[in-house]
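Student: Would you mind keeping the following structure in view while I ask a few things?
What follows is the structure, given as structure tokens:
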């Protein structure tokens, strides 16, 4: 208790946040998070998302902080200018350890698994996401097209289209997403809503290829990868450290 007080006494914001959470939440954050930045992140997100103790434990174990910070560093200029609130709204990688999908699997298997486990999927995305539909139909001309998963983000006040890929990222995937965004903004988005965002979820990605592919894109799109197993937190911490060092160089 004394160590807790000594650590937070010079950080009134953190001290105030900690008083809004249970002792078990505070103990988990204090004992498992080493930096002030990480502790502040989990204090904020626990209050914002109303995490149970079990949910908080999972988020710390899956490196939620590191994955979000890495995601922030990789937001395109278009996304950063699109909406200031987009910071912390998306991650560089998503953990689908709850799916237990046997190999090999395809996009349909992945989609069915996420729909079946929607509660866990929302926990991983964030509770600001509201699920609208799977295979959401948009009609352009005389043809029908289908968005894999369509959500609405309350904080950003916009539609978010998720496209699922059971393989590695390819630059040509972006053309499909750009088309979906145009259709959603023209025919589905309401006048009081912000422009739609798209997220391409891939099994794997080469960060340099993604950067090249997005460099001239004017669409608010991000590319993230998903993992079926819990990540190595030390590797995530190392990756985050390297990114910060490169950005400061």
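Numbering (our numbering), first residue to last: 534 to 782. Note that CB positions come from ideal geometry on N, CA and C, so glycine has one too.
1. Taking the alpha-carbon positions, what's the residue 701 to residue 648 distance?
2. Compare the beta carbon distance of residue 713 and residue 734 with 7 Å and say whether it is the shorter of the two.
3. May I have the straight-line CA-CA distance separating residue 572 from residue 558, to the nearest angstrom?
4. Just verifying my parser: in three-state terms, what is the DSSP assignment at residue 595?
5. Measuring straight from C-alpha to C-alpha, what distance separates residue 655 and residue 582?
6. Determine, using beta carbons only, whether residue 699 and residue 736 come nearer to each other than 7 Å.
7. So within the segment 607-676, which uninterrupted alpha helix (DSSP H) runs reach at least 4 residues, ignoring any that extend past its ends?
8. Helix, strand or coil: how does DSSP classify residue 549 here?
9. Does the Cβ-Cβ distance between residue 671 and residue 694 come in under 7 Å?
10. Within a Cβ cutoff of 6 Å, which residues of the same chain sit near residue 615, ignoring the five residues on either side of it in sequence?
11. Near residue 588, which residues of its chain fall below 8 Å by C-beta distance, leaving aside the five closest residues on each side in sequence?
12. Measuring only the C-alpha atoms, how far is residue 717 from residue 692?
13. Could you check if residue 686 is buried or exposed, using at least 16 other CB atoms within 10 Å of its CB as the buried criterion?
14. In this structure, does DSSP put residue 742 in helix, strand or coil?
15. Would a C-beta distance cut-off of 7 Å place residue 755 and residue 623 closer than the cut-off?
16. Which runs of the beta strand (DSSP E) at least 3 residues long sit entirely within the segment 681-750? Give them in chain order.
17. Considering just the uninterrupted stretch of the beta strand (DSSP E) at residue 584, what are its terminal residues?
18. Can you tell me where the beta strand (DSSP E) holding residue 755 begins and where it ends?
19. Mapping DSSP to helix, strand and coil, what is residue 544?
Tutor: In short:
1. Each residue's Cα considered, the two are about 22 Å apart.
2. Taking 7 Å as the Cβ cut-off, residue 713 and residue 734 do not qualify as a contacting pair.
3. If you take the alpha carbons of residue 572 and residue 558, they lie about 11 Å apart.
4. Note: residue 595 maps to coil in three-state DSSP.
5. Roughly 11 Å separates the two Cα atoms.
6. In this structure, residue 699 places its C-beta atom within 7 Å of the C-beta atom of residue 736.
7. For the segment 607-676, whole alpha helix (DSSP H) runs of length 4 or above, ordered along the chain, are 610-615, 640-649, 651-658.
8. Residue 549: helix per DSSP, three-state reduction.
9. No. Outside cutoff.
10. Cβ neighbours of residue 615 beyond the five flanking positions: 753.
11. The beta carbon of residue 588 sits closer than 8 Å to the beta carbons of 582, 656 from its chain, once the five residues preceding and following it are set aside; these are given in chain order.
12. So the two alpha carbons sit approximately 8 Å from each other.
13. Buried is the call here.
14. Here residue 742 sits in helix by DSSP.
15. Taking a C-beta distance under 7 Å as the contact criterion, residue 755 and residue 623 qualify as a contact pair.
16. You should have 691-697, 730-735.
17. No beta strand (DSSP E) contains residue 584, which DSSP labels as neither H nor E.
18. Counting along the chain, the beta strand (DSSP E) containing residue 755 begins and ends at 754-760.
19. The answer is coil: DSSP assigns residue 544 none of H, G, I, E or B.
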